[in-house]
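Visitor: Adding 392 to a residue's 1-based position in the sequence shown gives its number in the numbering used here.
Even for Gly, the Cβ is constructed at its ideal location relative to N, Cα and C.
The following block contains the structure, expressed as structure tokens.
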Amino acid sequence: MERPGPQERRARVRDAAVLVVGWVALLWLLEGIDAISGHALDTFGITPREVGELSDIVPAAFLHFGFDHVAANSWPLLVMGFLAALSGIRRFLAVVAVIILVSGLGVWLTAPAHSSTAGASGVVFGLFGHLVTRGFVDRRIGDVLLGLLVGVVYGGILWGVLPTTTGVSWQGHLFGVIGGVAAAVVFRRRREV
């Protein structure tokens, strides 16, 4: 496989930056609409084990319960989303789709009855799991080093997979990490012999 040239690398950096900045801007826009509408979008949170709620798995990943909630997810989503998107936009979108589905289904199956879960934190935890795992799965030293750096900088978030804080969906976090690791395996790069 040929190494990308300088122009292609600049285009990847630009595309990754535009995508994640646009994504985070969308999250803020949606929370603004939610606030103006009297929190009408909060109904798209995932309520566990109700079949009709399965259709809310995808929208729930884009909605939040207040500006503090979206703010908490914005910076790690910008950083880890950008790093993950550098490997290619199509691959990144496929990885995020797996993370959203695994995290959302995990919440739907295991969250407490009558709760509602929304937010991009499942994606944040999934990107963490993906970035930490990807280099080992792909056997690429650069991605291993990047994963180790991400692990050092953001490793403290792993406490979020434990049921320690009332009102925080540890299920979304745990299944997000699982989804990220699964996506690293499913979308691993085949090494040429």
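Under a three-way DSSP split, which group does THR558 fall into?
Guide: coil
Visitor: Pairs of beta-carbons, one from the region 433-445 and one from the region 460-473, closer than 8 Å: are there three or more?
Guide: no
Visitor: Do the CB positions of VAL524 and VAL542 come within less than 7 Å of each other?
Guide: Cβ distance < 7 Å, so VAL524 and VAL542 count as in contact.
Visitor: To the nearest angstrom, how far is the alpha carbon of VAL494 from that of GLY548?
Guide: 22 Å
Visitor: Under three-state DSSP, which class holds TRP525?
Guide: This sequence places Thr at residue 525; Trp is not what is there. Note: THR525 maps to helix in three-state DSSP.
Visitor: Could you give the distance in angstroms between the alpha-carbon of VAL585 and the alpha-carbon of ARG531?
Guide: Caution applies to VAL585, whose pLDDT of 43 falls short of 50 and renders its modelled position unreliable; the value that the coordinates give is listed next. If you take the alpha carbons of VAL585 and ARG531, they lie about 13 Å apart.
Visitor: By DSSP, does THR439 sit in helix, in strand, or in coil?
Guide: Three-state DSSP puts THR439 in coil, outside helix and strand.
Visitor: Quick one: Cα of PHE567 to Cα of ILE492, how far?
Guide: About 9 Å.
Visitor: Are there 16 or more other CB atoms within 10 angstroms of the CB of GLN399, so buried, or fewer, so exposed?
Guide: Exposed.
Visitor: I need the straight-line Cα distance from GLY552 to VAL569, nearest angstrom please.
Guide: 10 Å
Visitor: Roughly how many angstroms separate the alpha carbons of VAL462 and GLY514, rounded to a whole number?
Guide: 12 Å
Visitor: Among GLU442, LEU421, GLY424, which one has its Cα closest to the Cα of SER507?
Guide: GLU442
Visitor: Could you compute how far the alpha carbon of ARG483 sits from the alpha carbon of ALA576?
Guide: 10 Å
Visitor: Give the C-beta separation of ALA512 and ALA453 to the nearest angstrom, bearing in mind that I take them to be a contact with Cβ-Cβ under 8 Å.
Guide: Right, the Cβ-Cβ distance comes to about 6 Å (below 8 Å), so this counts as a contact.
Visitor: Contact defined as beta carbons within less than 8 Å: I believe ASN465 pairs with VAL516. What is the distance between those atoms, to the nearest angstrom?
Guide: 6 Å
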